[in-house]
Amino acid sequence: EADIYQTPRYLVIGTGKKITLECSQTMGHDKMYWYQQDPGMELHLIHYSYGVNSTEKGDLSSESTVSRIRTEHFPLTLESARPSHTSQYLCASSDGDRAPLHFGNGTRLTVT
Amino acid sequence: GQQVMQIPQYQHVQEGEDFTTYCNSSTTLSNIQWYKQRPGGHPVFLIQLVKSGEVKKQKRLTFQFGEAKKNSSLHITATQTTDVGTYFCAGGPLNNDMRFGAGTRLTVKP
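Just so you know, the protein sequences line up as chains A and B, in that order. If you read the first sequence in our numbering, its first letter stands for residue -12, the second for the next number, and so on. If you read the second sequence in our numbering, its first letter stands for residue 4, the second for the next number, and so on.
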């Protein structure tokens, strides 16, 4: 089983709040990703990173930011949460450009 | 941007029937990956295909990569209730990031 962890597992928060979703992996993978997914629906790439100090925007503009100061850590921050941000957020890592992705269990976010 | 199209979006079968999902791209893919996501879970890697015309099998699952490396399929023989979930393909051209298809949600009636 892959060693990639996401916290919190569930989060309910009010509109306008700043939140950070945590993602850590212990596999030493260089590539890390954040996806947004409504239950059972399409995966939308939000951000990804090739390694330390590397961050790129994905296809979905979600008013979020990421940082990659350490290989194992790739947090996602929403500066001002909105109800449209209600969704599941999945973090993943891989050991190279064409390597399989290992997903965390996800954070289910509800913005009221 | 580059897209990977997947059909059908939904498939409902009777237990014991076969199931197939298709993945298509307008550009040549360097590889294709398949994932399964159980309801309430996260995507789990199933297999990767790299070679033109490649066929791989995992028990009742058969994966194919087209000769032109622009399409792929996943076929399940004699579905079981444990096959329920959403199946995703993911692929991309060389030197570009992979993208996921929209997924095919499979439900199986006992």
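Even glycine gets a Cβ: it sits at the ideal position worked out from N, Cα and C. Being a predicted model, the structure only gives us computed values, none of them experimental.
From A:Leu8 to A:Pro62, what distance separates their C-alpha atoms? C-alpha separation (whole angstroms): 6 Å.
Cross-chain neighbours of B:Asn34 in chain A, by beta carbon under 7 Å: Arg85
Candidates B:Lys54, B:Thr89, B:Ala81 and B:Ile50: which alpha carbon is nearest B:Gln61's? B:Ile50
For the segment 60 to 93 of chain A, list every residue whose C-beta sits within 7 Å of some C-beta in chain B, in sequence order. Leu77, Arg85, Pro87, Leu88, Phe90, Gly91, Asn92 and Gly93
Where the beta strand (DSSP E) containing A:Phe61 begins and where it ends: It is not in any beta strand (DSSP E) - A:Phe61 carries neither H nor E in the DSSP assignment.
May I ask you to verify whether the segment 73 to 91 of chain B touches the segment -7 to 12 of chain A, counting CB pairs closer than 8 Å and requiring at least 3? no
Kindly give me the distance between the Cβ atoms of B:Leu109 and B:Phe48, rounded to whole angstroms, as I take these residues to be in contact under 8 Å. In fact, because the Cβ distance is near 17 Å, the residues do not count as touching under 8 Å.
Close Cβ partners of B:Asn34 (< 7 Å) along its chain, the five nearest in sequence each way excluded: Gln51, Leu52, Val53 and Gly94
Taking the DSSP output, what are the residues bridged to B:Asn34? B:Gly95
Starting from B:Lys112, trace the beta strand (DSSP E) both ways and give me its first and last residue. Thr107 to Lys112
Where the segment 45 to 74 of chain B meets chain A: residues whose CB sits under 7 Å from a CB there: His45, Pro46, Phe48 and Gln51
Does the beta-carbon distance from B:Thr107 to B:Glu20 come in below 8 Å? no
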